[in-house]
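Heads up, the thing below is written out as structure tokens.
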Amino acid sequence: MENALSQLSTLPATKAQQTDFFRKAKDELLSGNYNPLQVRVFFKSIIDTLQNLMDDKEIKEIIMDEADKYHEKTFEVFGSKITKSKRTTWDYKVCNDPVWNSLKEQIKIREAQLQSGLDASTGETLRKPDQKVSEFLQIEIQ
3 MENALSQLST LPATKAQQTD FFRKAKDELL SGNYNPLQVR VFFKSIIDTL QNLMDDKEIK
63 EIIMDEADKY HEKTFEVFGS KITKSKRTTW DYKVCNDPVW NSLKEQIKIR EAQLQSGLDA
123 STGETLRKPD QKVSEFLQIE IQ
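In the numbering used here, the protein residues as written are 3 to 144.
The structure is reproduced here in structure tokens:
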């Protein structure tokens, strides 16, 4: 049996390969020779598997260790330009700040009023926000 990662070598690695793969896969799917729902379930399985690999702490750590071997902030390797970056996120919930909590609650209340088109306290008619409805499938791989 093949190694798990060696199976990835059959997937496109460059933008040109991605474009070609997309075009061919779309043509094959639209040809009617494949069950589109079965293909969508397969897509979901691949996405979940890859996302789990991308999110794994140990894997992230060894990838960053490898990137740190390149001393430049931006470097090119394997046909890709890689830039080392940092992102800071803040978790305000741990502050248990009454002002912040109140503002969040006020935003929820105001959003509900805007959605209804009516300010409950004044009776004023409000412009409703734009609404987009998208259909999608929720797929849970068993």
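Idealized CB from N, CA, C, for every residue including glycine.
Non-local beta-carbon contacts of E30 in its own chain, meaning distances under 8 Å to residues more than five positions away in sequence, involve Y36 in chain order. Using a Cβ-Cβ distance cut-off of 8 Å, the region 124–140 and the region 102–116 are in contact, since at least three pairs of beta carbons, one from each stretch, lie closer than that value. Linking D121 to E142 through their CA atoms gives a straight-line distance of about 40 Å. Between the alpha carbons of Q20 and E107 lies a gap of roughly 45 Å. Only residues of its own chain outside the window of five on either side were considered, and among them K83, I84, T85 and K86 have a CB closer than 8 Å to the CB of T76, listed in chain order.
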